[in-house]
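Residue numbers (our numbering): 138 to 609. Every residue, glycine too, gets a C-beta built ideally from N, C-alpha and C. Remember, it's a predicted structure, so these values are computed and weren't measured experimentally. Here is the structure we will look at, set down as structure tokens.
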């Protein structure tokens with residue numbers, strides 16, 4: 138293998154691993170803030186117990202996510218130094234703001250939330266978690282703005298002397314048309330993941346006899362999680378439709394690869410539910426399609442034209458020089474379907490659970506439990522497949538139309554060095570995964586702690602000399 142292949146595998150492994158934790162962390166901050174706000178307003182002890190219980194699980198997930206995210210950024214200098222040099226002037230601003238503003242906001246107010254149970258008024262304490270959530274949204278905005286620039290570069294000029302892209306319009310990068318549809322799509326997916334996690338964990342505890350006395354509380358949590366999952370799923374579908382139309386406009390090759398569409402369809406392009414073709418993927422043997430749906434998804438019209446792979450290859454060769462500009466078709470085709478299929482399964486499962494538990498009904502404990510447990514797995518995998526499609530569908534470009542992936546790798550890294558870092562980081566992440574799962578399983582099995590009401594601190598009434606208390 139060459140350094141390029143190893144570097145791509147390493148970045149892919151670390152990025153997919155890191156993104157296992159990101160949607161859950163983003164979504165859980167909103168869920169926990171909502172649960173604590175419900176307790177402040179209603180004084181229903183179930184909401185406080187759920188707040189503290191899922192707060193523990195969130196802190197475990199957040200810690201692992203921070204560690205894996207730092208390593209991911211280090212890779213830009215380790216294996217992709219030419220890429221870093223090329224985009225540094227553009228990425229410097231959004232990534233610096235993300236680190237200095239958004240992440241510090243998250244960290245500061247998360248610390249206040251952890252240690253402030255007996256120091257802050259209840260409403261102010263709940264506001265701390267809402268502020269953490271705003272911080273996660275801000276972090277997501279700046280990071281996705283950088284990624285969206287890779288998909289559709291705007292607000293820059295290319296300096297031929299330095300060979301670098303230079304930022305000329307910060308706001309164009311911040312409000313890139315790709316960013317405006319990608320951000321809500323990712324955030325709704327995060328809410329969907331967190332809702333499914335709330336549902337799945339509560340369903341697991343609901344079906345365990347050890348926690349039979351708390352079944353009414355977990356029944357409530359199941360319904361809250363199912364409602365979040367379903368509503369967020371609708372948001373994912375709507376924003377995904379908008380994203381598909383923008384993608385067809387700015388990255389037509391990605392849409393063509395997602396469908397295995399080799400020739401341009403002049404109106405009423407069918408959407409492939411399942412296609413079986415020859416080993417080279419260029420000839421169809423069997424297909425299940427939905428007539429005209431691809432035209433609608435790509436253009437907003439059932440008669441819209443969707444460009445095919447072969448004409449685009451010729452167009453790109455004339456524009457950018459002779460090369461193969463086709464992504465790996467099986468990966469883009471199937472990742473696109475896994476993303477949509479798993480997302481629709483999760484939304485349908487949440488709707489079914491809401492129906493089965495309506496008006497206080499208690500259906501089969503194990504049936505609801507096992508269905509509930511499948512949903513957080515489905516939403517997490519759907520998010521991962523979505524990112525695989527997003528990044529693999531852009532290939533062979535690391536920055537679309539400007540820099541190919543093969544030109545972005547560090548020139549001074551040897552095969553041995555790249556392979557060593559790949560093996561070491563993969564093993565390290567495997568260890569972290571075991572630790573994460575062990576901690577989550579341990580605390581999930583314990584269930585929510587008994588209700589202990591925190592002191593009712595009023596503004597100006599707390600003893601400022603008391604030490605902060607770690608709530609967990």
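Under the three-state DSSP convention, the category residue i falls into
i           : result
residue 299 : coil
residue 383 : helix
residue 304 : strand
residue 594 : coil
residue 410 : strand
residue 402 : strand
residue 375 : helix
residue 442 : coil
residue 468 : helix
residue 366 : helix
residue 494 : coil
residue 427 : strand
residue 140 : helix
residue 589 : coil
residue 463 : coil
residue 509 : helix
residue 149 : helix
residue 437 : coil
residue 523 : helix
residue 486 : helix
residue 478 : helix
Endpoints, alpha helix (DSSP H) assigned at residue i
i           : result
residue 316 : 314 to 343
residue 168 : 159 to 179
residue 390 : 389 to 396
residue 192 : 182 to 215
Residues of its chain near residue i, where Cβ-Cβ distance is below 8 Å and the 5 sequence neighbours each way are ignored
i           : result
residue 551 : 140
residue 441 : 404, 406, 432, 433, 435
residue 276 : 235, 239, 240, 243
residue 154 : 205, 566, 570
residue 588 : 182, 185, 186
residue 576 : 197
residue 461 : 450, 533
residue 170 : 263, 266, 267, 269, 270
residue 341 : 506, 509, 510, 581
residue 586 : 186, 189, 190
residue 150 : 559, 562, 563, 566
residue 542 : 141, 145, 532, 533, 534, 535
Integer-rounded CB distance, given that residue j should sit under 8 Å from residue i
i           : j           : result
residue 142 : residue 544 : Not quite, the Cβ-Cβ distance comes to about 15 Å (not below 8 Å), so this is no contact.
residue 224 : residue 318 : Residue 224 to residue 318, Cβ: 21 Å. No contact.
residue 291 : residue 302 : Actually they are not in contact, since the Cβ atoms of residue 291 and residue 302 sit about 11 Å apart, beyond 8 Å.
residue 288 : residue 388 : 6 Å
residue 396 : residue 409 : 5 Å
residue 402 : residue 445 : 7 Å
residue 202 : residue 158 : 4 Å
residue 226 : residue 592 : Going by Cβ atoms, the distance from residue 226 to residue 592 rounds to 51 Å, so no, they are not a contact pair.
residue 526 : residue 473 : 5 Å
residue 398 : residue 443 : 6 Å
Proximal residues to residue i (C-beta, below 7 Å), its chain only, five neighbours per side dropped
i           : result
residue 512 : 333, 336, 337, 366, 483, 486, 487
residue 362 : 332, 333, 335, 336, 339
residue 228 : 283
residue 373 : 322, 325, 326, 329, 480
residue 273 : 162, 163, 166, 243
residue 439 : 405, 429, 432, 433
residue 316 : 281, 282, 285
residue 352 : 343
Sequence-distant residues of the same chain with beta carbon closer than 6 Å to residue i, five excluded per side
i           : result
residue 390 : 449
residue 380 : 318, 322
residue 468 : 529
residue 213 : 221
residue 584 : 342, 348
residue 148 : 212
CB contact check: residue i to chain C, cutoff 8 Å
i           : result
residue 559 : The structure shown has no chain C; it contains just one protein chain.
4 or more residues per run - each alpha helix (DSSP H) lying fully within the segment 531 to 583
For the segment 531 to 583, the continuous alpha helix (DSSP H) assignments of 4+ residues that do not extend past its boundaries occur at 552 to 583, in sequence order.
Only counting runs of 3 or more residues, tell me where the beta strand (DSSP E) segments fall wholly within the segment 220 to 299, in order along the chain.
The qualifying runs are 293 to 296.
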